[in-house]
Structures are given as structure tokens and as C-alpha cells.
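Shown next, in C-alpha cells, is the structure this report addresses.
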Amino acid sequence: MQSTLEVETLAGERVSFDDSRRQTNVQGLKAASIVAFILLASFAPVEYYVVPEHFPLLQGLRAACLLVLAMIAVVAFRGEAWTRRHVDVLTVGAFLIVGWYSIVLMSLHDGYESPFFLTLVFSIVGVSAVTLWPLRTALIFMALMIGSYLTPLVAGWVELTHPDTFLIQLSFLLGMAIIGVVAQQLRYRIEQREFRTNQRLGRTKATLENAYTRLKELDEQKSDFFANVSHELRTPLTLSLGPLESLLKMEHRAEEQEHLHALHRNQLRLLRLINQLLDVAKVESGNAQAEYSKEDVVLVVRELVGEIEEATRAKGIRLDVIVPSEPVCLYIDREKFEQLLLNLLSNAFKFTETGGRIEVSLMRGTESSEIAVRDTGIGIPESKLHTIFDRFTQADSSETRQYPGTGIGLALVQSYVELHGGTIGVESTVGVGTTFAVSLRHGKAHLPAEQIRSASRPVSMTSVRPPQLTDFDVDEGDEAVVERAPAGAPEPQRETTERPEEADWLPDSTESDGEEPRVLIVDDTADMRRYLLSLLREEYDVKTAKNGAEGLALAKDWDPDLVISDVMMPLMSGSELCRAIKAGGGRLSRTPVMLVTARTEEQTKLRGLDYGADDYLLKPFLQEELLLRVRNLVSKRRQERALFDAHLVLRAQHQYVQSDLELARDFQNDLLPKLEMPAPLTAHVEFHPADLVGGDFYHITPLGPGRVRLFLADMVDHGVKAAVRAAAALPEYTGLDHTALDAGGVLESLNEVATSKYADLAGSFLCLDLDASREGHVSIRYARAGEMPFVVISEAGPTEPPAAAGFMVGLFPNMSYRSRALTLSPGTRLFLYSDGLYTQTNGSGRTFRDEGGLMEAWAMTRDCSTLQAATESVMESLTRFRGTTPQLDDVTLIGIEIPGPR
39 MQSTLEVETL AGERVSFDDS RRQTNVQGLK AASIVAFILL ASFAPVEYYV VPEHFPLLQG
99 LRAACLLVLA MIAVVAFRGE AWTRRHVDVL TVGAFLIVGW YSIVLMSLHD GYESPFFLTL
159 VFSIVGVSAV TLWPLRTALI FMALMIGSYL TPLVAGWVEL THPDTFLIQL SFLLGMAIIG
219 VVAQQLRYRI EQREFRTNQR LGRTKATLEN AYTRLKELDE QKSDFFANVS HELRTPLTLS
279 LGPLESLLKM EHRAEEQEHL HALHRNQLRL LRLINQLLDV AKVESGNAQA EYSKEDVVLV
339 VRELVGEIEE ATRAKGIRLD VIVPSEPVCL YIDREKFEQL LLNLLSNAFK FTETGGRIEV
399 SLMRGTESSE IAVRDTGIGI PESKLHTIFD RFTQADSSET RQYPGTGIGL ALVQSYVELH
459 GGTIGVESTV GVGTTFAVSL RHGKAHLPAE QIRSASRPVS MTSVRPPQLT DFDVDEGDEA
519 VVERAPAGAP EPQRETTERP EEADWLPDST ESDGEEPRVL IVDDTADMRR YLLSLLREEY
579 DVKTAKNGAE GLALAKDWDP DLVISDVMMP LMSGSELCRA IKAGGGRLSR TPVMLVTART
639 EEQTKLRGLD YGADDYLLKP FLQEELLLRV RNLVSKRRQE RALFDAHLVL RAQHQYVQSD
699 LELARDFQND LLPKLEMPAP LTAHVEFHPA DLVGGDFYHI TPLGPGRVRL FLADMVDHGV
759 KAAVRAAAAL PEYTGLDHTA LDAGGVLESL NEVATSKYAD LAGSFLCLDL DASREGHVSI
819 RYARAGEMPF VVISEAGPTE PPAAAGFMVG LFPNMSYRSR ALTLSPGTRL FLYSDGLYTQ
879 TNGSGRTFRD EGGLMEAWAM TRDCSTLQAA TESVMESLTR FRGTTPQLDD VTLIGIEIPG
939 PR
């Protein structure tokens, strides 16, 4: 069904199209009225030659028609709203005037043999060519034209001397009218479809333009927001960096000194990010200003490369510089040039592994100079090359990315190169390396004159470490993940790249007496690992891992009480680590996992929780919050372990109980009698308890020659409870004086005992007396308490005898149960069954009886040659029906056969 908005849109389109169509028809009316006026006026010589005797009459008629056509033309050319509303009527009138005049001329000439009837054809063709009418208007016009053609004959103005000519002309005229209507309607629909398409395109265009405008506004607002927030952040950062640098110059204990160094490093990284956001905001808003001065680029390149030599040496990367021996002077903004070159060097440093090479070269050309940064890093996929200069774009933004970053650096490089009037290009091969080449023109003619300075600006590199160089920090390594030696034993030796002061205070692992809870920290940032370790080492036995893969291996070997993992890590993300732990089986799968991340996207959190994370903590977090969450998860883990140990004890006890239940099952089966029926009856039983023991039982009691009493009981509930009730009910039944009681009396006696002697001895019972003492047939009398049906299978098919009213035994005292009688013929089978047969459900929740499976199973027994095969067939049908659904209740099925021809 169409929505209200769609209906309103379609209605609006119809109105708009009708207005457009009427405007088109106004233009057609203008052309048609002028052409009709000219053609009608030019007919005078023809008339004078063809019908001179009627020329005066035709002259007057022509004058009247020309006057009306002139009036229609004047109205059409004025183009008022009234004309557009009535243009269809005016057009019909204009063409009818020509048609009627042609009819008069045809009548005065040779009647229906006159060739002037062709004028009607021209009118039909003209209407189809210049008008867009709905079907109703077109049909009315064509009917009027055909009616006009027939008027002389109907009015008796002419005699029909050649009927064949008349019929041919009429057929031709009708054919042209049909063709005209069809052609016009095809044009009408095409124009309507094109109009609607244009309307929708217009709306789409307007929507896109509005969206584009809104996006521009949002982009500007985002830039303003970044700029404002970044400015607001710089003030507290400045106020914290100054005192922090003062503290660094003082003497502190090794652990305190390391905390201060970590704080200073990360404050500089934060300042670096804020500066980049400010730069991006300036570029996007068009406020990025540059001040150009003449600089020796050779000197600038050497100074910048010298700043990162120590970092490349620490990482094991070879750094080469190829520059001319003589100065290369270019007009540059020193600060922005340094930043773009540092960004390129940072990019090469980040993606080049130990043993790789970075080369910085400067080549002077005739009109420009080229600065190139080459590396032997991982390379950039060809599909990503066209987007690497886009803001906030990274080649790998997944949780398992190996190289962190914001996606801002290269975008700023391109913006700053363009500010210098230069160009930047990139070439890359995956697994071989990447080359960025910046080309800057000589001279200053291409730069804004008002932004050129005569004196160069001071060099930005100072004795204080600039935030730009935080990109070249090397991961100083991490604490070892080995058990700490016993107290007094020498520390284990390990390879490390930590600074000496770190090794003084940071232990290989926390001391443990074997009773402390174990916590595994997994994070790819060394500062974060050290920080978490310092928080937890006093209360917990802590070990760390640098990525998810290493963490998973350690978790399998060490069996921690808690895993604290970052989400975004190389090789294996925290979410994937969580999933692997939860799928590890055994004790590992029960290890609680806390995911810690700076990503606030809801999808990231949902993915972690979906993988089984027990807690989720967003950075930045308070120490107390982390410690409380850790304590809660560790406590929960310890409780689970205690419960697991208790479960082992209970499982051992359960095995003993299970063994006892198996003995009880064997005992119960021994108590169930064999059904020895009087000749010629035969019987077969299928007994299937839902558990090891069941609440169903049956019994057979002889009543005399050829007479027996069958008793089937289905106690409330199943399993052990029902078996206990059955064990109590059976001796009460067998202790009755059966010779003095009929079927109903048996149930009344049991009900009296159950309600007076027991608290919950309730169940559904069927008592059935069979009398086979007479030849030729078997008579039965039966009584039922509760839902205890049985079925008779005869030649006519399966039938259920009517129920004898009565509640379950054991619910209400003083109940009365009535017996019913039934006679069975030879060749009949009788099936008694408990409710577990028909209340069994399948995967869809439908029962065996409701789905029709029970009646179908009864019908199938007619094809079974033996009674045993028949009862087994019913049980097989039940098993197929329930499929993988467990058996819900005890099932007892007793089949009795009266031999005879079947």
C-alpha cells in the first residue's frame, strides 16, 4: 500500500502535469487557429470554381467561421489563466468549425462523393499533432467529428447514391479517428512519464543541493568545533606541560621518574594531535596562512634528518641523506615545510620495519627542485593510492591494524605543498616500498607578494623536544611474561630494549605467593602496559603481552583469573582474543575478559560483547573504577571456580544416584507383569519412561475363565517423583477385592485411598475388563479417570470410544466414576496408551495429536501383520515426529488383538 506522502506526491504530480499540458495546448491552439484561419480564407477561389451557385452563401458562412477563429486566436495569444483552464474546449471548437464548414461544403458539392471529406481527415491529423488530451476529451472530439460526417445523411440534406463509396469513406474516417486517438494517447503517456521523471529529478536535485549545502555547513561547523575545542585544550595542556617539565629536572625515585617521563611523552603526543586538528581546521576554513622567506633547503633537510637519526638507529633502520653540496634556496614557509617533511619522514619511519632503509633526497632542477622520501616499508595497495591524501583516511582502519594513526598527516602534507604552489606524487609497491616526491618551484613569482618576507623565520627546533618528534618514539619494550623466581633467587636474564631506569623499578613480573589472583594485561602500547601493571601489581600476580596472539598463548599456558585487553592491536584484536578465549573450552572459556578501548562507537562495543566480553571500559578511565571492576571480575571468577569444584563433587554424587536409579529402573521393569491374555486374545506392550524411571505402570488381573482386568496408570509428573507415586499406587490397586468391584468401583476405591491416605497420589487411570468367554466376539467394560483415551482399530478405521466422565484420581474425595460397555468383533485391535503419546511436541511446538500424526499412526497399523509390528510402528511414528525434541513424558502403549479375518 502507498503511504500518505506518496499519494500526495502523485496527486501533486498529476495537477502539475495537467497545468503543463494545458500550457502546451495553448501553444498548439495558437498555431492551429492561425493555420485554420489561413486555410479557410484561401478556400474562396476553390469554392467559386467548384460551387459558384452557392458562393454567396459560403462567403457569409466563411466570414462567420473566420470571425470565431479570430476570436479564438486573440484569446489564445493573450494567454490568461482563463485561456489555460478552457484551452481544451477552445481547441475542440476551433477544429469543429473547420470540420463543420467542410461538411457544409461537401453537402453543397457532390455529397458523400465529394473529396472535401478529406478536410475532416486533416482536422483529425491536426488535432493529434498539436494537442495533448486525456482519453475522454479525445474520444469526445472524434465522436463529434464522426457525428458531423453523418449529419447530412441523417438530416436528409444529401442522397446516398453510392453506398459503397460512403462506407469506404466512413471506414477510412473511423480508422483515422482510432489512429489519432491511439497516437495522441501514446504521446500523452510519454509526455506524462517524462514530466514525472523531470519532476522527480528536480526534487532529487533540490534535495541533493540542500544536502550539499547542509553538508558544507556541517563541515564548516565541524572545522569551527575542532578549532574551538583544540584551542580550549591547548590552555590546560600548556599549564600542565610547563610544571611537568620543571618536575622532570628534579630528582625522583626511579619509579616516579618513569611515571613523569611517560606522562610527558603522552602530553606531547596529545599536543601533537591538537596541533594537527588545528591545522586541519585552518586548511578547511581557508584560513591557513603562510609567510614565505628564502631558505637554504639543504640546511633544513639536514637539520630535520639529524633530529630523527637516533630514533632510526634505535629501531634498526638505515637512514640516508642525498643532497647537493651547494645550497638550494627556495621560498618556503619554514614551519610548514618542516612539518610536511616531518610528516613524510614519520610515515616512512612508522611503516618501515627493523633492517629497512629510509632515503631523503634533494634534486635541483632548472625550474623546480624535488624533495623525495623513499622507504623499504610495507607499501600501499594500488586500490588505496587515490585516497591516501584524504583527511582521516587510513589504508588499514580495522581493529587489527598494526600501525596506529589518525589519517591527518598526509592530508596536511598535500595542503602545505599546495600552499607553496608545488605538487606531490606517490609511487608504491606492496612489499617493496613507497616514494613520496614533493616538487617546489624556484623563485617567488608563483607566491602571493604580500606573504613574502625578506628575513627568514627562526628555526623551530629548540632544546625542548618538539611534539612533532613524538611520532619517532620507539616502543622501549615491556616487562617479561615469565613467573617470578622465588624470594631470594636471582632474577632471570632477558633481552630488553628498556631504558636503564625502567629496569630498576619495573619487575619482570609481579611477585606471587601462589595465592594471588592472576591478571593478564594485553596491550600493544608499552606505556599502557606499564601503567596498568603499576596499578595492579600490589594486589595481583600480573603478566603482560604485546598483542592478541601472544596474549592467547599466555592465557592457555598460565590460566589467569582475568584478562584485560586493548581492542585495537596488531595480529589479533582484543575482540578476536576474547572470542578465542571464550571458544577455547574447559577452564579457559570461563576466564573473564575486560576490553579496554578509546573507540566509542556502539558497534565496537556490541561486537566485543557479542564475542563474550564480560566488561567494557572506555579510555580515559579512573584508577578506582578500573580497580573496582577488576576486583568484581576476579571475585566472580574465584566464586565460579569454587562452584566448579562443588560441581565436581556433585557430579560424583550424581553418578552414585544415577547408579541407584538404574537399579530402580531394573526393579521397576521387573514389577511390570507380562500380559497373559485369555485365548484367543494376544497383547504387546511398549513402555518408554522419559527418565531412567517413570510414573506409568500397568497391571493385569484374572477375573475368571476368559475374563481379565487391564489397569493402566499415568501418575502426575515424571521421573523419580512419578516413580515414587507409582510405587505407592500399585500395591493399593493390587490390594483391592477385584471380584467385588466393577471398573468404575476400582477407580472410586483408589480415589478414596488417595485422598484420605496420601497428600499427592494423583494420576490418570484406565480400568478395562475384557470378557472373551463367548465365541464370536469380545465384550469390554471400562472406566476412565482423567485424560486416558484408547482407540479401536477395525475395518472401518480407527475410532475412539466415548469417554466416561471423571476427574483424575487423588484430586477430590467422594468422586463417582461410571462404566461403559463396548463389544469388539474378530479382526479388531485395541490400543491403550498414556498421555505421553499424544502430548509430545516437535520443534514447532505442535503436539503429535494436533498435527494429525496420531490418527495417521493408527491408520498405518492396519497394514501391520502382527500386533508387535503395529505397536512398534506407532512408536516409530512418534519418534520421527519429535525429531530432536526430547521426550517430554512417559509413554506406555498396550496393544490387544482379537484374531479373525482382517
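Taking our numbering, the leading residue of the sequence shown gets 39, the next gets one more, and so forth. From the three backbone atoms N, C-alpha and C, an ideal C-beta is built for every residue, glycine too. As the structure is a prediction and not an experimental result, all values here were calculated from the model.
Could you tell me the boundaries of the alpha helix (DSSP H) in which residue i lies?
i	result
residue 371	Careful: residue 371 lies outside any alpha helix (DSSP H) and carries neither H nor E.
residue 572	564-574
residue 835	Here residue 835 belongs to no alpha helix (DSSP H); instead the beta strand (DSSP E) covers 835-837.
residue 648	640-648
residue 616	612-620
residue 447	447-457
residue 936	Element bounds for residue 936: not the alpha helix (DSSP H) but the beta strand (DSSP E), 929-936.
residue 180	173-193
Could you tell me which of the options sits nearest to residue i, measuring between CA atoms?
i	options	result
residue 270	556, 307, 251 and 312	312
residue 765	800, 112 and 259	800
residue 861	894, 871, 579 and 820	820
residue 632	607, 597, 641 and 668	668
residue 410	416, 714, 379 and 424	379
residue 879	844, 846, 869 and 920	920
residue 160	732, 888, 210 and 252	210
residue 199	904, 812 and 145	145
Rounded to whole angstroms, what is the Cα-Cα separation between residue i and residue j?
i	j	result
residue 429	residue 456	15 Å
residue 689	residue 682	10 Å
residue 384	residue 610	25 Å
residue 855	residue 684	51 Å
residue 849	residue 665	59 Å
residue 543	residue 304	Any reading at residue 543 needs caution, since the residue's pLDDT is 37, under 50, leaving its predicted position unreliable; the model's value is listed next. Cα-Cα distance, rounded: 20 Å.
residue 353	residue 612	26 Å
residue 587	residue 595	13 Å
residue 128	residue 218	19 Å
residue 167	residue 424	54 Å
residue 634	residue 345	34 Å
residue 214	residue 178	15 Å
residue 51	residue 248	21 Å
residue 808	residue 924	35 Å
residue 365	residue 558	56 Å
residue 806	residue 922	35 Å
residue 726	residue 591	49 Å
residue 368	residue 382	19 Å
residue 901	residue 732	31 Å
residue 58	residue 320	49 Å
If residue i and residue j are in contact, beta carbons under 8 Å, what's the gap, nearest whole angstrom?
i	j	result
residue 298	residue 285	6 Å
residue 395	residue 371	Wrong, their Cβ atoms sit about 30 Å apart, outside the cutoff.
residue 278	residue 491	Wrong, their Cβ atoms sit about 34 Å apart, outside the cutoff.
residue 107	residue 69	Between residue 69 and residue 107 the Cβ distance is about 12 Å, and since that is not below 8 Å, they are no contact.
residue 418	residue 390	That pair is no contact at about 13 Å.
residue 642	residue 605	7 Å
residue 469	residue 416	7 Å
residue 930	residue 871	7 Å
residue 101	residue 67	Contact doesn't hold; Cβ gap of about 21 Å is too wide.
residue 602	residue 570	6 Å
Output the boundary residues of the beta strand (DSSP E) element that contains residue i.
i	result
residue 471	471-479
residue 462	461-467
residue 736	734-742
residue 819	816-823
residue 831	828-832
residue 856	Residue 856 -> no beta strand (DSSP E), and no H or E assigned at all.
residue 749	745-753
residue 413	406-413
residue 395	395-402
residue 332	331-334
7 Å is my cut-off, CB to CB: does residue i come that close to chain D?
i	result
residue 645	Any reference to chain D falls outside this structure, which holds one protein chain only.
Original post:
In chain order, which alpha helix (DSSP H) runs of at least 4 residues are fully inside the region 76-157?
Top reply: 82-88, 93-116, 119-123 and 125-146
**OP:** Could you pull out every unbroken beta strand (DSSP E) segment of at least 3 residues lying fully inside the region 766-823, listed in chain order?
**Re:** Taking only runs of at least 3 residues, the beta strand (DSSP E) segments lying wholly in the region 766-823 are 801-809 and 816-823.
Subject >> Runs of beta strand (DSSP E) wholly within the region 865-890 (minimum 3 residues, chain order) >> reply: 866-871
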